[in-house]
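The structure appears below as structure tokens.
2 protein chains.
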Amino acid sequence: MLTTLDSSTPEGLRPVLQPLPTLTSAGTRLLEAAGELFYNRGVRAVGVDLIAETAGTTKKTLYDRFGSKDALVALYLLDRAHQWRSFLLERIELPASARSPEHSVLAVFDALETWMGGQLRGCAFVNAYAELGEGDHPAVPVIRAEKAWMRALFDDLTGDSAVGAHVHLIYEGTLVVLTAGGDASGMVEARRAVRIALASNG
Amino acid sequence: MLTTLDSSTPEGLRPVLQPLPTLTSAGTRLLEAAGELFYNRGVRAVGVDLIAETAGTTKKTLYDRFGSKDALVALYLLDRAHQWRSFLLERIELPASARSPEHSVLAVFDALETWMGGQLRGCAFVNAYAELGEGDHPAVPVIRAEKAWMRALFDDLTGDSAVGAHVHLIYEGTLVVLTAGGDASGMVEARRAVRIALASNG
DNA sequence: CTGCGAGTATACCGACCGGTGTGGTTACCT
DNA sequence: AGGTAACCACACCGGTCGGTATACTCGCAG
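The listed protein sequences derive, respectively, from chains A and B. Counting from 1, position 106 in the first sequence corresponds to residue 106 in the UniProt record's numbering; the numbering is continuous, with no gaps. Counting from 1, position 94 in the second sequence corresponds to residue 94 in the UniProt record's numbering; the numbering is continuous, with no gaps.
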């Protein structure tokens, strides 16, 4: 049952991301600039000077609003998680009738394809995780939460934890194969694999 | 048929990685130091000064041997691909008799678990790809070759391209879920998913 | 004996890193 | 009128970045 996608409880039992703090206008510009730069070039490759300049403001304002580059990185990922979640949910919840697990899960992969739009930069969360090294970074909980949310979503959509796990593995693998692997046929193979995973439901 | 794992043609038709160049003693130390530092802390987070110091030599020698940091990064990945491939193959090829696709494929996941040894730093190739940004980096072909090699391996082991693709997606997803996702149960779910994927073979 | 490849030691380069400090200008709230 | 939060301009900090230059020592092959 798709209990968590009922119109009355659109978020259901899935873990909810912490909300985004209210931002000033310069803060918004900074977060938007950081978002594009961090994603396209990598977190460590982008300096705070460039972010401030791109946003049409100053480093001073950046540090007044966000406190540190690390905090800005964490907020960038939190913001992106919110964007992806709303993008995804409105593509899953629309056909409120005749909603099968296969239809819903494949809609997630359709949404992913649209979201990526041919880009090859991969998953922002996996990429950020790769750059953070061994220590504990404020962005790590955001990354973990995003992955846990996707897993819980697939559990809900399939109604089965084992099938949800299987589909989630395919989902994460698809992102890697499409981007780092450079294999453009990955999405076709993913959809075929998803149908097999769903057919295994007991 | 496991044509490419016959004892007479251990590499078979799978694409072969370019060989590692011969290294001097200081060069070997540099590559080993770079390997550990790059993997554990990230490529961009490690400077050439630290690598030279860790290897007990100088930056001068590093640049005499490798020419640039980018070239050293590419060689680090090529070296790691060779290590992983030999580690993996000796764990797959050993029981030359009674070799089923299920046994072989699950042996890959066993090898992966052993290779990772509880570490949470993820796939070196995916991590490096995440750090390279948009441009063309000498490491990209090495990354692509490694992913293509794993895919071809699964095609061979399963004897079916669709099943191989499915298992490869699960494999890449497992690495992400275990590390960035921080989900320790990912390996158990992966093995279950693999059995389902293999059972779909026509 | 000579030449050469390999390695060591150290100094240097301009650019950039994340982060701070000062001072001044708006605009809104009480 | 006074306070304050937000913002901008700009200068500054110590440290590190990738990469280069100079000069010296060693072992070895011709």
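Note that CB positions come from ideal geometry on N, CA and C, so glycine has one too.
Beta-carbon gap between V194 (chain A) and V105 (chain A) smaller than 7 Å: For the 7 Å CB-CB criterion, V194 (chain A) and V105 (chain A) form a contact.
Complete alpha helix (DSSP H) runs within the UniProt domain "HTH tetR-type" (24-84) of chain B (minimum length 4 residues, chain order): The qualifying runs are 25-41, 48-54, 59-66.
Length of the line joining the Cα atoms of T58 (chain B) and A190 (chain A): Spanning the two alpha carbons is a distance of roughly 48 Å.
Sufficient close CB pairs (3 or more, under 8 Å) joining the segment 44-51 of chain A to the segment 76-88 of chain A: Cβ pair count under 8 Å is below three, so no.
Which of helix, strand or coil DSSP assigns to L5 (chain B): Here L5 (chain B) scores only 43 on pLDDT, less than 50, and its place in the model is too uncertain to base an answer on.
Element boundaries [alpha helix (DSSP H), containing N127 (chain B)]: Judged by DSSP secondary structure, N127 (chain B) falls within the alpha helix (DSSP H) whose first and last residues are 124-131.
CA nearest to the CA of L23 (chain B), picked from B:N201, B:L62, B:F109, B:P101: L23 (chain B) has its Cα closest to that of B:L62, out of B:N201, B:L62, B:F109, B:P101.
Sufficient close CB pairs (3 or more, under 8 Å) joining the segment 63-78 of chain A to the segment 154-167 of chain A: Contact between the segment 63-78 of chain A and the segment 154-167 of chain A is absent: fewer than three C-beta pairs spanning the two stretches fall below 8 Å.
Stretch pair the segment 145-159 of chain B + the segment 137-155 of chain A: three plus CB contacts closer than 8 Å: The answer is no - the segment 137-155 of chain A does not touch the segment 145-159 of chain B, with fewer than three Cβ pairs under 8 Å.
Residue nearest to V175 (chain A) in terms of C-alpha spacing, selected from A:M116, A:F38, A:K69: Per the sequence shown, the amino acid found at residue 175 (chain A) is Leu instead of Val. Nearest C-alpha to L175 (chain A): A:M116.
Contact set for A55 (chain B): own chain, Cβ-Cβ below 6 Å, skip 5 residues either direction: Answer for A55 (chain B): R29, L30, A33, listed in chain order.
Proximal chain B residues relative to N127 (chain A), where beta-carbon distance stays under 7 Å: Under a criterion of Cβ atoms nearer than 7 Å, the residues of chain B adjacent to N127 (chain A) are, in order, A130.
D27 (chain A) and R65 (chain A) closer than 7 Å at C-beta: First, the amino acid is wrong: residue 27 (chain A) is Gly here, not Asp. In contact: G27 (chain A) and R65 (chain A) (Cβ atoms closer than 7 Å).
Endpoints, alpha helix (DSSP H) assigned at I192 (chain B): The displayed chain sequence assigns Arg, not Ile, to residue 192 (chain B). Start and end: 186-199.
Residues within the UniProt domain "HTH tetR-type" (24-84) of chain B neighbouring chain A, beta-carbon criterion of under 7 Å: Against chain A - using a Cβ distance shorter than 7 Å - the residues of the UniProt domain "HTH tetR-type" (24-84) of chain B are N40, R41, G42, R44, A45.
Cutoff 7 Å: S200 (chain A) Cβ touching any chain B Cβ: Yes, S200 (chain A) lies at the interface with chain B (some Cβ there is under 7 Å from its Cβ).
Neighbour flag for L89 (chain A) against chain B, beta carbons, 7 Å: No, no contact with chain B.
Nearest to residue 222 (chain A) (by Cα), restricted to the options B:L178, B:G67, B:I170: Any answer about residue 222 (chain A) is impossible in this case: the structure gives chain A only from 1 up to 202.
Member of B:A124, B:C123, B:A130 whose CA lies at the smallest distance from the CA of F125 (chain A): Among B:A124, B:C123, B:A130, the Cα nearest to that of F125 (chain A) belongs to B:A130.
Contact list for T158 (chain A) against chain B, beta-carbon separation under 8 Å: Neighbours of T158 (chain A) on chain B: none; closest Cβ ~12 Å, over 8 Å.
Residue-level contact to chain B via CB, A180 (chain A), 7 Å cutoff: Chain B, which has a Cβ nearer than 7 Å to the Cβ of A180 (chain A), makes this yes.
E102 (chain B): contacting residues in chain A (beta-carbon distance under 9 Å): Listed along chain A, no residue sits closer than 9 Å to E102 (chain B) by beta-carbon distance, the nearest being about 15 Å off.
Proximity below 7 Å, CB of R91 (chain B) to CB of A107 (chain B): Contact: yes.
Distance between F38 (chain A) and G135 (chain A) (C-alpha atoms, nearest Å): Looking at the two C-alpha atoms, the distance is approximately 20 Å.
Neighbouring residues, chain A, relative to G117 (chain B) (Cβ below 7 Å): In chain order: nothing, as chain A lies at least about 14 Å away.
Chain-ordered chain B contacts of I92 (chain A) [CB-CB under 9 Å]: Residues of chain B whose Cβ lies closer than 9 Å to the Cβ of I92 (chain A) do not exist, since the nearest Cβ in that chain is about 20 Å away.
Cβ of V142 (chain B) within 7 Å of any chain A Cβ: With 7 Å as the cut-off, V142 (chain B) does not count as an interface residue toward chain A.
Contact with chain A by L169 (chain B), beta-carbon distance below 7 Å: Yes, contact with chain A.
Per-residue DSSP class, three states only, for D110 (chain B): Of the three classes helix, strand and coil, the one that applies to D110 (chain B) here is helix, per DSSP.
Between the CA atoms of T114 (chain B) and G35 (chain B) - distance to the nearest angstrom: Spanning the two alpha carbons is a distance of roughly 19 Å.
G164 (chain B), DSSP secondary structure in three states: Secondary structure at G164 (chain B): helix, using DSSP grouped into helix, strand and coil.
Whole-number beta carbon distance between G173 (chain B) and E172 (chain A), since they are thought to touch under 8 Å: E172 (chain A) to G173 (chain B), Cβ: 4 Å. Contact.
Chain B contact for V194 (chain A) (CB, 7 Å cutoff): For V194 (chain A), the closest Cβ of chain B is not nearer than 7 Å.
Whole-angstrom C-beta distance between I196 (chain B) and I196 (chain A), which should lie under 8 Å: Confirmed, about 7 Å.
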